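Before any comments, here is the structure.
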Amino acid sequence: MYIYPIKAGFPSPAEEYLETVLDITFLVIQNPNSTFFGRVKGKSMEEEGIQDQDIIVIDKSIKPQNGNIVVCTIEGVFVIKTLKIKGKNSIRIF
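Under full-length UniProt numbering, the residue at position 35 of the sequence shown is numbered 35, and the numbers go up by one with no gaps.
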């Protein structure tokens, strides 16, 4: 025996316009094996448009360049900062 759902009202016109499900990972992840997500804690990157509690996408396969926003570790703690490369042997994060 099968039990089928039966609506007790009028059908919604919106049901005729159903589209396929949008998978956000398809839009933001290019290298799945090198990508992970993080949640920002703190307000130091607000001028860059990154807010406290934002979820960020991190792709470890991308080579960082001068001026990029990067995630790195300082004393074992992940931080998000702007990378400044000065010469061959000087790297700073702000």
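Cβ atoms here follow ideal geometry from the backbone N, Cα and C, with glycine treated the same way. Because the structure is a prediction, the values reported are computed rather than measured.
If you draw a straight line from the C-alpha of residue 49 to the C-alpha of residue 55, how long is it?
For the purposes of this step, residue 49 is taken as the residue at position 49 of the sequence shown. For the purposes of this step, residue 55 is taken as the residue at position 55 of the sequence shown. Roughly 12 angstroms between the two C-alpha positions.
Roughly how many angstroms lie between the CA atoms of residue 73 and residue 26, to the nearest whole one?
The residue labelled residue 73 in the question sits at position 73 within the sequence shown. The residue labelled residue 26 in the question sits at position 26 within the sequence shown. Within the model, the alpha-carbon separation for residue 73 versus residue 26 is close to 27 angstroms.
Indicate whether residue 59 and residue 35 have their beta-carbon atoms separated by less than 7 angstroms.
To locate residue 59, count along the sequence shown from 1; it is residue 59. To locate residue 35, count along the sequence shown from 1; it is residue 35. Contact flag set, yes.
Local Cβ density within 10 Å of residue 24, reported as buried at 16 or more and exposed below that:
Reading the sequence shown from its first residue, position 24 is the one you call residue 24. Around the beta carbon of residue 24, fewer than 16 other beta carbons sit within 10 angstroms, so the residue counts as exposed.
Buried or exposed for residue 80, going by 16 or more other Cβ atoms inside 10 Å?
For the purposes of this step, residue 80 is identified with residue 80 of the sequence shown, where counting begins at 1. With 16 or more Cβ atoms within 10 Å of its Cβ, residue 80 is classed as buried.
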